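For the sequence shown, the residue numbers in mature numbering (1 follows the signal peptide of the UniProt record, and there is no 0) are -26 to -1, 1 to 428. Every residue gets a Cβ at the ideal spot worked out from N, C-alpha and C, and that includes glycine. These figures come from a predicted structure and were not determined experimentally. Below is one structure, written out as structure tokens, with a few remarks after it.
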Amino acid sequence: MKRSRLGIVFTLALTMVLVFTASAYAAPLQTQDVSKTVSEHRIHHHIAKLADRDNARVTGFEGEHRAADYIAGELEKYGIQVERQKFPIIAFLSHGAELTVQSPVSEELHPRTFTYTPATPEEGLTADLAYAGLGRTGDFENTDVEGKIALIRRGEFTFYEKVQNAARAGAIGAIIFNHSEGQINGTLGQPTEIPAISLSQSEGEGLLDILNAGETVTVTMTADVEMSESYSQNVIGTLSPRKGSADHTKTIVVGAHYDGVDTPAANDNASGTATLLEMARVLADQRLHHEVKVVFFGAEEVGLVGSHRYVEFLSEEERANTAAMINMDMVGVGDTIGIMTATEDADSFVADMAEEYVKTLGEPYERTTSTRSDHVPFEEAGIPVAFLNYHSDPNYHTDEDTLDKIRIENLDHMGTLVTRLTYDMANNHQLPQKSRKGMNVQKERYHNPEYQRK
């Protein structure tokens, strides 16, 4: 099979990149380019298997469990030792939200449900709106929300706390509108006392303008959801180091979440999952100096639960021995590579290495931050991280996140990048020592600091 320009550029630029890594991190010069054996068509095949229906892999439901079996089966085919790490979860599935303005005008708005909102009655909740600012406790002291639906602006603290503050003040429902353009795709982290839905900034501020004009606004809100006790799991594959390396080996974690929202979830994140499977296949037969853990995280979409659980259950020795973590999330759509840490001041040699590799490709890229994926718990634990993705995806968390949107060239590029990066780190005899404390990641996106994502 003819390789793309990316593979050629990697081969030509390999000496330059490894000179960089050798000088900075004492990496040995590798002459074997294992990334040449990465198949973007195998990656595409895995995505097709994982995203073959609507509601393909919703957290805690049958589709997610079926995907875990598929991943474990593929790893076992490659001769990789597999472990499953199960944990309880509240399975949540949304069938949609509605919001109708009854007066002073009649209008249908476009809300979304928050993960873990309770359902409304089938006929919905009808009440007057009351604006409660950011939803702080003090905001409710001067606002009468008793028997009303609280209108709250996003920002500063968690959705869960905003909704619970509204409930304690007597509200029967809550509507949180965005503080920037676009919709909110959020989780409450756990069930709240009252139903909650979200609005875009423009629709929320439109309601606020009517209230500020002295009008009474009456609305009917509906949240059609189902919740049940279930479980999720991390699927962990271990690529052991070659014999004779044990005295000085570290562990490199490469991860991707395999659960999804109530869509086919092809890009988010069958693409990252499939790319990780292909990397595991390629590296399974390689002689590695360091141990590589390929971790397929469950329950990312309801609050990074799987990655938090993985880090939480590491012993102190295992944490100290984990040299780096690479995370892939949404790598199949978009034309700009993202190289991210959770915080701006993160000291991450693996993100630096990834940037140097990407520079050789001539591909557009951004070095930035994100707290919305499974690298976050690792950075909190003091482990250097690199979150790799492509952006942006206009079909994020919609029914249009389907296989036909996936760009085959992205799979080639990212598969090559992550395989080359992991292989070179796994054969670097002197990886940097982890000597810093965990980072204080801003929890604006979370309810529970240990688990839940906003």
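One or two residues paired with residue i in a DSSP bridge
i, result
"G211", "V56 and V268"
"F61", "S206"
"M314", "T342 and F361"
"H231", "F271"
"D102", "T192"
"N301", "G229 and F361"
"residue 429", "A query on residue 429 cannot be resolved here, the shown segment of the chain reaching from -26 to 428 and no further."
"L73", "L83 and M195"
"A400", "Bridge partners of A400: none, in fact."
"M201", "F66"
"T89", "T161"
"I171", "T87 and I149"
"V285", "V285 is not bridged to any residue."
"T296", "T225"
"V32", "G234"
Residue i versus residue j - alpha carbon distance
i, j, result
"S322", "L391", "17 Å"
"T249", "V305", "8 Å"
"A301", "V227", "It should be pointed out that residue 301 corresponds to Asn in this sequence rather than to Ala. The straight-line gap from Cα to Cα measures roughly 8 Å."
"R216", "K51", "20 Å"
"E353", "T315", "8 Å"
"G156", "L262", "45 Å"
"Y(-2)", "K333", "Because the pLDDT at Y(-2) is just 45, under 50, the model does not fix this residue reliably, and the point stays unresolved."
"S154", "E179", "11 Å"
"Q94", "G121", "The sequence given here places Thr at residue 94; Gln does not occur at that position. Taking the straight line joining both Cα atoms gives about 14 Å."
"residue 442", "I171", "The structure shown does not extend to residue 442, since the chain is modelled only from -26 through 428, so no value can be given for it."
"A140", "Q260", "56 Å"
"residue 430", "D43", "The chain is shown only over -26 to 428; residue 430 falls outside these bounds and no answer can be derived."
"K23", "T247", "11 Å"
"F151", "I45", "38 Å"
"F88", "Q404", "46 Å"
"L3", "Q164", "Residue placement at L3 is poorly supported in this model, since its pLDDT is 37, which falls under 50; the coordinates still yield a value, given next. Using only the alpha carbons, I get a separation of about 49 Å."
"A273", "A244", "14 Å"
"R381", "T111", "47 Å"
"Y339", "M327", "14 Å"
"T161", "E374", "21 Å"
"L67", "H15", "32 Å"
"L251", "S176", "41 Å"
"T(-6)", "F131", "With a pLDDT of 46 at T(-6), under the threshold of 50, the modelled position of that residue is not reliable, and no figure is offered here."
"N159", "G188", "31 Å"
"F361", "D303", "8 Å"
"V199", "E72", "12 Å"
"residue 430", "F133", "Only positions -26 to 428 of the chain appear in the structure, and residue 430 is not among them; the question remains open."
"M253", "G389", "7 Å"
"G229", "M399", "15 Å"
"D367", "N402", "35 Å"
Outcome for residue i when other beta-carbon atoms lying within 10 angstroms are tallied against a minimum of 16
i, result
"H349", "buried"
"E96", "exposed"
"Q55", "exposed"
"P358", "buried"
"S281", "buried"
"V(-10)", "Annotation note: pLDDT 45 at V(-10) (below 50); position unreliable, coordinate value reported separately. That one is buried."
"P238", "buried"
"F240", "Before going on, a small fix: residue 240 reads as Ala here, not Phe. Looking at its Cβ environment, which holds 16 or more other Cβ atoms inside 10 Å, A240 is buried."
"R128", "buried"
"V79", "exposed"
"A148", "buried"
"D309", "exposed"
"V137", "buried"
"S174", "buried"
"D118", "exposed"
"H20", "buried"
"G234", "buried"
"D386", "buried"
Assumed close pair residue i, residue j - CB separation to whole angstroms, cut-off 8 Å
i, j, result
"T376", "A25", "7 Å"
"A65", "F114", "That belief does not hold up - the Cβ atoms of A65 and F114 are roughly 32 Å apart, past 8 Å."
"residue 433", "R341", "The question about residue 433 has no answer, for the chain in this structure spans -26 to 428."
"L257", "T343", "Rounded, the Cβ-Cβ distance is 28 Å, inconsistent with contact."
"A298", "V324", "4 Å"
"T223", "H264", "5 Å"
"V12", "T317", "Not quite, the Cβ-Cβ distance comes to about 31 Å (not below 8 Å), so this is no contact."
"L108", "L182", "That pair is no contact at about 13 Å."
"I146", "P92", "With a Cβ gap of about 11 Å, I146 and P92 do not count as contacting."
"E38", "R27", "The pair is not a contact, with the Cβ atoms about 13 Å apart (cut-off 8 Å)."
"G98", "T196", "4 Å"
"D236", "N29", "5 Å"
Residue i beta carbon near the ligand COA (any heavy atom closer than 7 Å)
i, result
"D113", "By its list of ligands, the structure shown contains no ligand whatsoever, and the ligand COA lies outside what it can speak to."
Count Cβ pairs between the segment 186 to 193 and the segment 99 to 106 that sit closer than 8 Å; are there 3 or more? yes
The segment 256 to 271 touching the segment 45 to 59, judged by at least three CB pairs closer than 8 Å: A contact is defined here as three or more CB-CB pairs under 8 Å, and the segment 256 to 271 meets this definition with respect to the segment 45 to 59.
Does the count of Cβ pairs from the segment 8 to 24 and the segment 206 to 218 closer than 8 Å reach three? No contact exists between the segment 8 to 24 and the segment 206 to 218.
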